[in-house]
Amino acid sequence: MLLKYGINYASYTCDVMSLEVRVNNKVAQHAYENLGFQYGGKRKNYYGEGEDAMVMWVNLND
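Going letter by letter, the sequence shown gives residues 42 to 103 in our numbering.
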């Protein structure tokens, strides 16, 4: 998966990576969880009125 490669590459210069995903996109959330991402909060109306985003993050140097 391309994101897995990006995470590995980023780990050389970054300690933490974060992303936003729609709160109703359970498939993407599950995929990110499988890559080690954890829930980090919610951004209200991130995608427009009534469309919130879930912030997810992963520690790259575990």
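For glycine and all other residues, C-beta sits at the position ideal for the given N, C-alpha and C.
With a cut-off of 8 Å on the beta carbons, I'd call Ala94 and Val57 a contact; round off their distance for me. Within the sequence shown, the letter at position 53 stands for residue 94. Within the sequence shown, the letter at position 16 stands for residue 57. Their Cβ separation, rounded to whole angstroms, is 17 Å, which puts Ala94 and Val57 out of contact at 8 Å.
Cross-strand partners of Glu61 (DSSP beta bridge): For this step, residue 61 is matched to residue 20 along the sequence shown. Per DSSP, the beta bridge partners of Glu61 are Val96.
Spatially closest choice to Val64 from Asn86, Asp103, Asn100, by CA coordinates: Here residue 64 is taken as the residue at index 23 of the sequence shown, counted from 1. Of Asn86, Asp103, Asn100, the residue nearest in Cα terms is Asn86.
What is the residue span of the beta strand (DSSP E) that Tyr87 lies within? The sequence position of residue 87 within the sequence shown is 46, counting from 1. Tyr87 -> no beta strand (DSSP E), and no H or E assigned at all.
Nearest to Asn100 (by Cα), restricted to the options Gly81, Gly91, Tyr88, Gly89: The residue you call residue 100 lines up with position 59 of the sequence shown. It is Gly81.
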